[in-house]
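Below: one structure, written as C-alpha cells.
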Amino acid sequence: MKKFIKVIIFVAVFAVFSLSATGIINCNARVARAEVLETKIVTIMYHSVLNGSKGRYIVSEKQLENDLVALKNEGFVSVTPDEIIAFSEGRGMLPEKPVLITFDDGHYNSLYYAVPILKKHGFTAVINVVGAYSEHTTTSGDSKNPNYSHITWDEMADAAKDGVIYFGNHSFGMHKFKPRYGIAQKPYESDDEYVKIFTADTMKLHDKIKEYAGYDTAVYAYPFGKYSALAKDTLKKLGYKITLTCNEGVTSARFGDPDSVIYMRRINREGSYSTEKFINVIKKYYSR
C-alpha cells in the first residue's frame, strides 16, 4: 500500500513539474515570438533625381548614392512589396532592418538616374506612376528627357523585366488639387457615386500596369497623402495590400496581420538635407 501511495505521489509530482516546465517553455516561446513578429519598416519617399536642380522634392545622383551607402552602413536591407506582403500574411520573414525605397509620380529620371545606382548597391524600389502623366508622355512622343518626361508604357515594360523596379498605382487622373483634392470625396457626393469614380480611376491605371509590367500591382500611393476609410475599403476590395501615405514615420509591420501595412508611413527625402542629416531623421523615427 505504501509503495502504491509513493507511486501516486511520484506521478503527481512529475505531472506538476511537467506542466510547470511546459508553461515556462510556452511563456518563453510567446515572448520570443513577440520579439520577432513585429518589424519596423523604414519607407523613404523620393520624387525627382536631377543634377544641377534644387527643390524640396529633388535629389541629385550623388545624394541618392550617398543615401543608399549610408543606409547599408546602418544595417538596413532593401525589401520589395512582395516580401512585405508575405510577412504581413504570415508567409515569410523580413530582415532585421528593412527599408522600402519609393519614388512618386513616375518621373523618367527615376529610371534614367536612379536605377543604375539602385543596381550598383543592391537595392530595389517602387515607382508610383500617375497614369495621366505616362499617357501624355507616351502619346506626345516627348519622352526620355530627365528634366520633365514621365515614364512611358513601353519604358515601364522594359523596366519591369529585371525585378529592380516594382510599379505602384498613384492614380490615373486624380493627382490634382481640383475638382477634388487628390482622391478626396467631394462634399455632398454619395458614397456609391464616389466609390464608382474612384474604382474606375484606380482600375484604369491598374489595367495599364498589368498590361505593360505584367502583374496586378498591390501597392497604392495616395496622391498628396489624402486618404479615407472608404478609399481604404475600396482598395482592399480591388486587391491592394499596401497603401502608402505621406504621414512621416516608420511602420510597425506585424507577422500575419495584413492591416498593419495599410496606411504605411513614409519619410520624405528633403532635397536640402545632407545624407548625414537625413539619416539622423530616419534614426529619430526608428528609435521611437
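The opening residue of the sequence shown carries number 1040 in my numbering; numbering runs sequentially from there. Think of the CB as a built atom: it goes at the ideal place given N, C-alpha and C, for glycine as much as any other residue.
- Counting along the chain, T1141 sits inside the beta strand (DSSP E) bounded by residues 1137-1144.
- Considered as a whole, the segment 1105-1184 harbours 1137-1144, 1164-1168 as its complete beta strand (DSSP E) runs of no fewer than 3 residues, in chain order.
- Sorting Y1312, D1298, G1288, A1292 by C-alpha distance to the C-alpha of L1274 places D1298 at the top.
- With contacts defined as CB atoms closer than 8 Å, Y1233 and P1185 fail to qualify as a contacting pair.
- Fewer than three beta-carbon pairs drawn from the segment 1238-1252 and the segment 1285-1293 are found closer than 8 Å, and the two stretches are therefore not classed as touching.
- Secondary structure at V1203: coil, using DSSP grouped into helix, strand and coil.
- Contact between the segment 1076-1095 and the segment 1127-1145 is present: 3 or more CB-CB pairs across the two stretches fall below 8 Å.
- Residue nearest to E1315 within the set L1107, R1130, K1183, T1282 is L1107 (criterion: CA-CA distance).
- In the DSSP annotation of this structure, the continuous segment of the alpha helix (DSSP H) that includes A1198 starts and ends at 1192-1198.
- For the pair D1143 and H1245, the CB atoms are not nearer than the 8 Å cut-off.
- Pairwise C-beta distances place the segment 1112-1128 out of contact with the segment 1176-1190, as fewer than three of them are shorter than 8 Å.
- In the DSSP annotation of this structure, the continuous segment of the alpha helix (DSSP H) that includes Y1324 starts and ends at 1314-1325.
- The three-state reading of DSSP puts E1287 in strand, counting E and B together.
- Here DSSP, grouped into helix, strand and coil, assigns I1248 to helix.
- For A1260, the enclosing beta strand (DSSP E) begins and ends at 1258-1260.
- In the same chain as Y1254, and ignoring 5 residues on each side of it, no C-beta atom comes closer than 6 Å to its own.
- Cβ-Cβ distances below 7 Å link Y1220 to F1263, K1265 in the same chain, with the five nearest sequence neighbours on each side left out; the list follows chain order.
- With 16 or more other CB atoms across the displayed protein chains lying within 10 angstroms of its CB, T1282 is buried.
- Going by beta carbons, A1109 and T1141 fall outside the 8 Å limit.
- Excluding sequence positions up to five before and after Q1224, its CB lies within less than 7 Å of the CB of Y1233, S1267, L1269, all in the same chain and listed in chain order.
- A direct Cα-Cα distance of roughly 7 Å separates R1095 from S1311.
- Contact check for Y1324 and I1306: beta-carbon distance about 6 Å, within the 8 Å limit, so the pair qualifies.
- For F1294 and G1091, the gap between their C-alpha atoms comes out near 43 Å.
- Exclusion of the five residues before and after N1167 leaves D1143, G1207, H1209, A1260 as the residues of its chain whose Cβ lies within less than 6 Å of its Cβ.
- M1084 is bridged by DSSP to T1141, N1307.
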